[in-house]
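Scroll down for the structure; my scribbles are underneath it.
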Amino acid sequence: MLASDLKSQISKLWDRFWAGGIANPLTAIEQISYLIFMKRLEDLDDQHRKMADMTDEDYVSVFDGVIDYNGNPIKKEECRWSHWKHYTAENMLIHVRDKVFPFLKSIEKGDNGEFSKHIQDAVFMIPKASLLQEAVKIIDDLEITARNQDTQGDLYEFLLSELSQAGKSGQFRTPRHIIRMMVEITDPKIGEKVCDPACGTAGFLINAYQHIVKSNTSDDLIKYDDEGVPYNLIGDRIADRKQWDILRRDTFFGFDFDATMVRIAAMNMILHGIEHPNIDRKDTLSKSFDHDSRFDVVLANPPFTGSIDKNDIHTDFRTVTTKTELLFLQLFHDLLYIGGRCAVIVPNGVLFGSSNAHKDVRKILLEKCQMEAVISMPSGVFKPYAGVGTAVLVFVKGGTTSDVWFYDMKSDGFTLDDKRDIIDGKGDIPDIIAKYKTKEISDNSIMVPFTEIKANDYNLSISRYREVEHEDIEYDDPKEIIDSVVEIEDEILRELNELRKMMA
115 MLASDLKSQI
125 SKLWDRFWAG
135 GIANPLTAIE
145 QISYLIFMKR
155 LEDLDDQHRK
165 MADMTDEDYV
175 SVFDGVIDYN
185 GNPIKKEECR
195 WSHWKHYTAE
205 NMLIHVRDKV
215 FPFLKSIEKG
225 DNGEFSKHIQ
235 DAVFMIPKAS
245 LLQEAVKIID
255 DLEITARNQD
265 TQGDLYEFLL
275 SELSQAGKSG
285 QFRTPRHIIR
295 MMVEITDPKI
305 GEKVCDPACG
315 TAGFLINAYQ
325 HIVKSNTSDD
335 LIKYDDEGVP
345 YNLIGDRIAD
355 RKQWDILRRD
365 TFFGFDFDAT
375 MVRIAAMNMI
385 LHGIEHPNID
395 RKDTLSKSFD
405 HDSRFDVVLA
415 NPPFTGSIDK
425 NDIHTDFRTV
435 TTKTELLFLQ
445 LFHDLLYIGG
455 RCAVIVPNGV
465 LFGSSNAHKD
475 VRKILLEKCQ
485 MEAVISMPSG
495 VFKPYAGVGT
505 AVLVFVKGGT
515 TSDVWFYDMK
525 SDGFTLDDKR
535 DIIDGKGDIP
545 DIIAKYKTKE
555 ISDNSIMVPF
565 TEIKANDYNL
575 SISRYREVEH
585 EDIEYDDPKE
595 IIDSVVEIED
605 EILRELNELR
615 KMMA
């Protein structure tokens, strides 16, 4: 839970960037991430030096030595946050732009420079000296590195929440409670490889990490915030250092074609405790991406209604289409090991589209996978920036579908208008998670045999299979209705005559 004073400081940071001429939230978050990296780099370097001193080991600081930048020598020691944070505004802007930023790009991948590999093509875009100086002061006051892992992650999540308000550049975040539902259903575990091939800010990967740590934290240590979100997840049951290394280095994999989103995702994962994020800039639908089966769990909310150049589509796709939502479903199937699990958000058109491509993709998911569930969500879940109806598909690669469990979500715990005010933050989600485990039938859920779905062109819309209950309405005899109307008219006429007499 983030304290109100920290929220106030981050809001102030947003205000400064907005007033300073950086109105695009994605650009602002990207530039703020660079400043956070500058601050953390020195803090972590100091921590590593102290640990080396305690164990009598040699330590080479990332700030030792000199680099050559376009023929100009830059002393690394002068790139420390503490060295330049008190500069005057104009001197600070020149120093950070011309020395610190080139230095960051020179850092090799390692314990101190994991984020640096993502900024090789980055551009420092803070235009005003006064904005940089104010931003540095606020970030310094936040003392991010000194805070616990929960607070570090919450700070960045609160920063990212601005994307929920803006939806700029076609980018927006999947609601966190929807992500948690999907993660809970797929239940990733230590030793499994988890992938999001269209990762955005890495929300699915971070929540998968938190789910695994929560599953390995003693119940009496777990706390919950006002919205029921767990925190204080310390993973005390993960005693083996090797397991921690696997979890933080070789479990989570994300891809995105947008360089800015890749940088934001990497910083988000680092601040949530995933020290070595496997985030890469790749167009996962293109010919350059490998379709080999290599993941146990795929979690995603891929772009809706997009399209791709036919000439760039990977040849492994079996269905002829340029619709990205259909191509992604085929990709997810290909990336999974046999027995691998997937939960993906799709627009409703995928469920019932009548084109050959729509039918072919649904056929793959039903005949080459076990389609576990179709969870229909209200159309307001992605408001204010998208009103399209959506559903969550849950399937396991391999085998053939026997029956499909359908659930019709009526509420996700928030109002379904543009404001998305909180009701209880849960809605039907706890019921969905509980009933999914046993595929229980209820007022909101049904089970449909595969044979019936196949007979309906593999249609996966719950409305096709839900029985509509017709209520018989008994009407009064028409003669009785006429008599009642005449009686009422006679009464009105009598009252009017009485009124006329009184006025005479």
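In our numbering, each residue's number is its place in the sequence shown (first place is 1) plus 114. Backbone N, C-alpha and C define an ideal beta-carbon position, used for all residues, glycine too.
query: Is T315 near R287, with beta carbons less than 8 Å apart?
result: yes
query: Closest by CA to P498, which one among F229, I136, F528 and D129?
result: F528
message: If contacts are defined as beta-carbon pairs under 8 Å, then V176 and L155 qualify, I think. What distance do you get, rounded to the angstrom?
response: 7 Å
Residues that DSSP places opposite N186 in a beta bridge: Y183
message: Please report the straight-line C-alpha distance between Y338 and D531, rounded to a whole angstrom.
response: 27 Å
query: What residue ranges within the segment 354–430 form continuous beta strand (DSSP E) runs of no fewer than 3 residues, ordered along the chain?
result: 366–370, 392–395 and 409–414
message: Relative to the C-alpha of D542, which candidate in S525, D334, S577 and Y183 has its C-alpha closest?
response: S525
message: My parser needs the alpha helix (DSSP H) runs of 4 or more residues fully inside the segment 120–178; what are they?
response: 139–168
Where the alpha helix (DSSP H) containing Q234 begins and where it ends: Where Q234 is concerned, there is no enclosing alpha helix (DSSP H), given that its DSSP letter is neither H nor E.
message: Is the beta carbon of R351 closer than 8 Å to that of N321?
response: no
task: With DSSP as the reference, label L607 as helix, strand or coil.
output: helix
task: Locate the beta strand (DSSP E) running through I452, then write down its first and last residues.
output: L450 to P461
query: What's the gap between the Cα of S332 and the Cα of H325?
result: 13 Å
- request: On a CA-only basis, which of V308, N570, T398 and Q444 is nearest F466? Give me that one, please.
  value: N570
message: Tell me which residues share the same chain as T259 and place their Cβ nearer than 6 Å to its Cβ, disregarding the 5 neighbours each side in the sequence.
response: R154 and D157
message: Are the CB atoms of F272 and F151 within a distance shorter than 8 Å?
response: no
- prompt: Of all the options K593, T515 and G387, which has the alpha carbon lying nearest to the alpha carbon of P563?
  reply: T515
- prompt: Helix, strand or coil: how does DSSP classify C313 here?
  reply: coil
query: What separation, rounded to the nearest whole angstrom, lies between the Cα atoms of E204 and V495?
result: 45 Å
query: Ordered along the chain, which non-local residues of its own chain (more than five positions away) have a Cβ less than 6 Å from that of K328?
result: P344 and L347
task: Let me know the secondary structure DSSP gives G284 once reduced to three states.
output: Residue confidence is low: G284 scores 45 on pLDDT, short of 50, so the model does not pin down where it sits. Its coordinate-derived value is still stated next. DSSP places G284 in helix when its eight states are reduced to three.
- request: Figure out for me which residue from H428, F442, K356 and K437 has the closest Cα to the Cα of P416.
  value: F442
- request: Leaving aside the five residues before and after N462 along the sequence, list all residues of the same chain whose C-beta is less than 8 Å from its C-beta, in chain order.
  value: S490, V502, G503, T504, A505 and S575
- prompt: How many Å lie between D160 and E192 at the Cα?
  reply: 15 Å
query: Is W519 near the ligand GDP, judged by its Cβ being under 7 Å from some heavy atom?
result: In the structure on display, the ligand GDP does not appear, and there are no ligands present to speak of.
message: My output table needs one value for L479: the three-state DSSP class, helix, strand or coil.
response: helix
- request: Assign H200 to buried or exposed, taking buried as 16 or more other Cβ atoms, counted over all protein chains shown, within 10 Å of its Cβ.
  value: exposed
query: Which of helix, strand or coil does DSSP assign to P344?
result: strand
Run of the beta strand (DSSP E) containing D522, from where it starts to where it stops: D517 to D522
- prompt: For the beta strand (DSSP E) that contains S559, what are its first and last residues?
  reply: S559 to P563
message: Mapping the DSSP letters down to three states, classify K337 as helix, strand or coil.
response: strand
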